[in-house]
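Structure, as structure tokens:
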Ligand code: UD1
Ligand code: CA
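In our numbering, the protein residues as written are 142 to 601.
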């Protein structure tokens, strides 16, 4: 099999974004534009991925990580010039080169595969992915001859009034025979309005040499939408989110209002789960079956079991077991692990803590750096005092223990199993198993206090 490399152009600044960040690192659905392109070409099954980087190149490299070949383009002299920088980095066995733009994030791996198939079937030396659009402004136009053969791609700025009316546009995605591409790149000249080396000129050259060049129009023109400014970024985001929502709904997830449900690409959700409006599910969040999530819930990198109910909650890097009830108004911070059947209620914050099966923290509580056993009841207003201004300390509570309301648990602290803590206690030392800890002033009764106040007032 002929080996195929993908060359992704990602060196441009993206002037029209008016951003300090390189354009290809702007995100849609929580994923950098260029990462979308990388993931899709990998899904299409290429053997090598080469990224041409320049503006913000170090940042791009850091975002994408190892496992790819990086080619530097120090000066951005055009798309043709960018591809020239990649050629020396291609593996020697590579025979076909797919070229893509790092700013075209909606392109599907399947479409790239189809382009490769067409290229092979036609035994072509060049193929370009195109689209018919209602508003072709800004894009390069596909010029065909009387026999419908592609002869040229002309940039908007270089086009004649006649050519400007052409509705078939260049997507910026191509497939080339490597040897022919190498030869054509050597001939490129920057003789155009922008004084750049245009990759598009390669197509014209190949045509002139009598080599087979094909244009393959995509079915859905939305796929080849290029992102040049923030309005296009938002438009692409909407298209992409709609795709995600459609996929999830068709797989058995109910979205009460897809328009106000924001789900990142990698998120997984089990069947018969219902997502209520204004819910944001980010990163690697994974939700089981038969859950009720939202409204107004924001989960990042959080795992949720089956049969869980979460309302008005923010969670980050938390793990929630089966049949838990969370919220309304809970805040689960990184390192929170809730085993099956745990209940976390309103105005409860939990951080770096494990709550074993069936434990309850129903209201107004802060739990930090704690290990809480099974079937523990934590009363309203309980605070683990885990921080002394310098260091953090752990609180350990045994199975079946009852913590009375408004208790301060000053860590480090161990409370044994089946113990009781009287409401309003401030605990500074350990509590043995099965005992009751009372750590507060005893109540005093001062009789006739009201009467005495009154006579005092009369005297003054
Ligand atoms: C390009 C095509 C145009 C096509 C459009 C599709 C050319 C000459 N024009 O135009 O026909 O309709 O894409 O979106 O190819 N880049 C580099 N180095 C450079 C210049 C660009 O890496 O020196 C990268 C950019 O970062 C970007 C991609 O190449 O990811 C496309 O460049 P851009 O300037 O956006 O090209 P368009 O004007 O959109
Ligand atoms: Ca572009």
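A virtual CB, placed ideally from N, CA and C, is assigned to each residue, including glycine.
Compute the Euclidean distance between the alpha carbons of residue 598 and residue 513, then round it to the nearest angstrom. Here residue 598 refers to the residue found at position 457 of the chain shown. Here residue 513 refers to the residue found at position 372 of the chain shown. So the alpha carbons of these two residues sit roughly 52 Å apart.
What does a CB cutoff of less than 6 Å around residue 250 pick up in its chain, not counting 5 residues either side in sequence? Within the chain shown, the letter at position 109 stands for residue 250. If we look at residue 250 and ignore the five residues flanking it on each side, its Cβ neighbours are 181, 184, 185.
To test your reading of the DSSP string, which unbroken beta strand (DSSP E) runs of 3 or more residues are found completely within the region 265-291? 267-273, 282-285
Tell me the DSSP secondary structure of residue 352 in three-state form. Within the chain shown, the letter at position 211 stands for residue 352. Note: residue 352 maps to coil in three-state DSSP.
Anyone know if the C-beta pair for residue 172 and residue 164 falls short of 8 Å? Locating residue 172 in the chain shown gives position 31, where the first residue counts as 1. Locating residue 164 in the chain shown gives position 23, where the first residue counts as 1. Taking 8 Å as the Cβ cut-off, residue 172 and residue 164 do not qualify as a contacting pair.
Residue 172 by DSSP, collapsed to three states: which one? For the purposes of this step, residue 172 is taken as the residue at position 31 of the chain shown. Residue 172 falls in the strand class under three-state DSSP.
Does the separation of the CB atoms of residue 150 and residue 223 fall below 8 Å? Along the chain shown, read from residue 1 onward, the residue named residue 150 stands at position 9. Along the chain shown, read from residue 1 onward, the residue named residue 223 stands at position 82. In contact: residue 150 and residue 223 (Cβ atoms closer than 8 Å).
Keeping to the same chain, check which residues put their C-beta closer than 7 Å to that of residue 243; ignore five residues upstream and five downstream. Counted from its first residue, the chain shown places residue 243 at position 102. Closer than 7 Å at Cβ, skipping near neighbours: 149, 150, 151, 165, 174, 175, 178.
As a quick exercise: from 227, 546, 246, pick the residue whose alpha carbon is nearest that of residue 374. Position 233 of the chain shown, counted from the first residue, corresponds to residue 374. Out of 227, 546, 246, 246 has the C-alpha closest to the C-alpha of residue 374.
Look up residue 568 in the DSSP assignment and say whether it is helix, strand or coil. For the purposes of this step, residue 568 is identified with residue 427 of the chain shown, where counting begins at 1. Reduced to three states, the DSSP call for residue 568 is strand.
Of the listed residues 474, 526, 543, nearest to residue 502 (C-alpha basis): Stepping through the chain shown from its first residue, residue 502 is reached at position 361. Of 474, 526, 543, the residue nearest in Cα terms is 543.
Does ligand 1 have even one heavy atom less than 7 Å from the beta-carbon of residue 345? Numbered from its first residue, the chain shown carries residue 345 at position 204. No - ligand 1 has no heavy atom lying nearer than 7 Å to the Cβ of residue 345.
Does the beta-carbon of residue 205, which I'm using as the reference point, lie nearer than 7 Å to any heavy atom of ligand 1? Sequence index remark: in the chain shown, residue 205 carries index 64 (1-based). Checking every heavy atom of ligand 1 against the Cβ of residue 205, none is found closer than 7 Å.
Along the chain, where does the beta strand (DSSP E) that runs through residue 470 open and close? Taking the first residue of the chain shown as position 1, residue 470 is located at position 329. Element bounds for residue 470: n/a, residue is neither H nor E.
In chain order, which beta strand (DSSP E) runs of at least 3 residues are fully inside the region 381-462? 402-404, 420-423, 439-441, 454-457
Within 7 Å: the Cβ of residue 245 and any heavy atom of ligand 3? This structure lacks ligand 3; the ligands present are ligand 1 and ligand 2.
Evaluate contact between the region 303-310 and the region 189-206, counting only Cβ atoms and requiring at least three cross-stretch pairs below 8 Å. Output reads no: the region 189-206 does not touch the region 303-310.
Quick one: what does DSSP say residue 151 is sitting in, helix, strand or coil? Counting from 1 along the chain shown, the entry for residue 151 is found at position 10. If DSSP states are grouped into helix, strand and coil, residue 151 belongs with the strands.
Rounded distance between the beta-carbons of residue 430 and residue 413, thought under 8 Å: Indexing the chain shown from 1 puts residue 413 at position 272. Indexing the chain shown from 1 puts residue 430 at position 289. The beta carbons of residue 413 and residue 430 sit about 6 Å from each other, so the pair counts as a contact at 8 Å.
Could you work out which residue in 439, 206, 197, 495 is closest to residue 214 when comparing CA atoms only? Position 73 of the chain shown holds residue 214. For the residues 439, 206, 197, 495, the minimum Cα distance to residue 214 belongs to 197.
What are the boundary residues of the beta strand (DSSP E) that includes residue 162? By one-based count along the chain shown, residue 162 stands at place 21. Note, residue 162: premise wrong, no beta strand (DSSP E); not H, not E.
CB of residue 339 to nearest heavy atom of ligand 1: below 7 Å? For the purposes of this step, residue 339 is taken as the residue at position 198 of the chain shown. Residue 339 Cβ: within cutoff of ligand 1.
Report the rounded CA-to-CA distance for residue 353 versus residue 426, giving the unit in angstroms. To locate residue 353, count along the chain shown from 1; it is residue 212. To locate residue 426, count along the chain shown from 1; it is residue 285. For residue 353 and residue 426, the distance between alpha carbons rounds to 47 Å.
If we ignore side chains and look at the alpha-carbon of each, how far apart do residue 555 and residue 587 end up? On the chain shown, residue 555 is found 414 positions in, with the first residue counted as 1. On the chain shown, residue 587 is found 446 positions in, with the first residue counted as 1. In a straight line, the C-alpha of residue 555 is about 36 Å away from that of residue 587.
As assigned by DSSP and simplified to three states, the class of residue 483: To locate residue 483, count along the chain shown from 1; it is residue 342. The answer is coil: DSSP assigns residue 483 none of H, G, I, E or B.
Compare the beta carbon distance of residue 146 and residue 235 with 8 Å and say whether it is the shorter of the two. To locate residue 146, count along the chain shown from 1; it is residue 5. To locate residue 235, count along the chain shown from 1; it is residue 94. Contact: yes.
Which residues share a DSSP beta bridge with residue 318? Your numbering for residue 318 matches position 177 in the chain shown. In the DSSP output, where bridge partners are listed per residue, residue 318 has 237.
Between residue 296 and ligand 1, is the CB less than 7 Å from at least one heavy atom? Your numbering for residue 296 matches position 155 in the chain shown. Yes, ligand 1 has a heavy atom inside 7 Å of this Cβ.
Buried versus exposed, by CB contacts within 10 Å (16 or more), residue 570: Locating residue 570 in the chain shown gives position 429, counting from the first residue. Looking at its Cβ environment, which holds fewer than 16 other Cβ atoms inside 10 Å, residue 570 is exposed.
For residue 201, which of helix, strand or coil comes out of DSSP? In the chain shown, residue 201 corresponds to position 60, counting from 1. It is helical.
Quick one, are the C-beta atoms of residue 458 and residue 481 less than 8 Å apart? Position 317 of the chain shown, counting from 1, holds the residue named residue 458. Position 340 of the chain shown, counting from 1, holds the residue named residue 481. No, Cβ-Cβ distance for residue 458 and residue 481 is not below 8 Å.
For the beta strand (DSSP E) containing residue 189, list its first residue and its last residue. Numbered from 1 along the chain shown, position 48 holds the residue referred to as residue 189. From DSSP, the beta strand (DSSP E) with residue 189 extends over 189-194.
Quick check on DSSP: helix, strand or coil for residue 525? For the purposes of this step, residue 525 is taken as the residue at position 384 of the chain shown. Of the three classes helix, strand and coil, the one that applies to residue 525 here is strand, per DSSP.
Residue 599 bridges to which residues according to DSSP? One-based indexing of the chain shown puts residue 599 at position 458. Per DSSP, none; premise fails for residue 599.
Could you please give the first and the last residue of the uninterrupted alpha helix (DSSP H) stretch that includes residue 220? For the purposes of this step, residue 220 is taken as the residue at position 79 of the chain shown. The continuous alpha helix (DSSP H) containing residue 220 extends over residues 220-228.
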